[in-house]
Amino acid sequence: SVQLPGEKGRTLWRSAGLSVKPGEFVLLSAPEGSGKSCFFRALAGIWPHASGEVFLPEGALFVPQRSYIPLGTLKEAVAYPEAADCFKDEEVQAALRAVGLSLLAEKPLQ
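Residues 65 to 174 in the numbering used here are what the sequence shown lists, from first letter to last.
What follows is the structure, given as structure tokens:
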């Protein structure tokens with residue numbers, strides 16, 4: 065159950081719930097500006113303004129409509145949405161190498 069606050073005290077979603085079974089496809093259709101993207105960001109745990117509880121199976125992924133790289137250091141970008149200090153530099157460099165970005169792995173992370 066997720067609640068999303070909107071502008072000027074308006075609530076975008078109240079007690080929103082979604083249950084999806086493995087292999088099932090779901091279409092969420094609503095007017096532009098109604099908070100669909102915010103809802104999915106809340107489910108992914110990357111929308112700080114939401115409240116409520118979200119239960120996702122381990123290994124569940126969130127793929128946004130557009131790629132997003134947060135401002136900050138390379139380490140912060142790789143660690144996102146977790147805090148950069150959750151990972152050792154060696155772990156971040158290994159992740160960069162694992163996805164074919166060896167050139168970036170050799171650059172300063174800070």
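Note that the Cβ used here is the ideal one computed from N, Cα and C, for glycine as well.
If you reduce the DSSP assignment to three classes, tell me which class residue i lands in.
i    : result
A124 : coil
Spatial neighbours of residue i within its chain, please: C-beta separation below 7 Å, excluding the five flanking residues on both sides.
i    : result
P134 : E140, A141 and Y144
W111 : C102 and R105
Straight-line CA distance for residue i to residue j?
i    : j    : result
S101 : A162 : 29 Å
S83  : P121 : 12 Å
D153 : Y132 : 21 Å
S93  : E146 : 29 Å
T137 : E88  : 38 Å
K171 : A124 : 30 Å
Here's a check: name, in chain order, each residue in its chain whose Cβ is nearer than 6 Å to the Cβ of residue i, leaving out the five neighbours to either side.
i    : result
L160 : L168 and A169
F151 : A143
Which residues mark the beginning and the end of the alpha helix (DSSP H) in which residue i is found?
i    : result
A159 : D153 to A162
A169 : S166 to A169
Within the stretch 76-142, ranges of the alpha helix (DSSP H) (whole runs, at least 4 residues): 100-108
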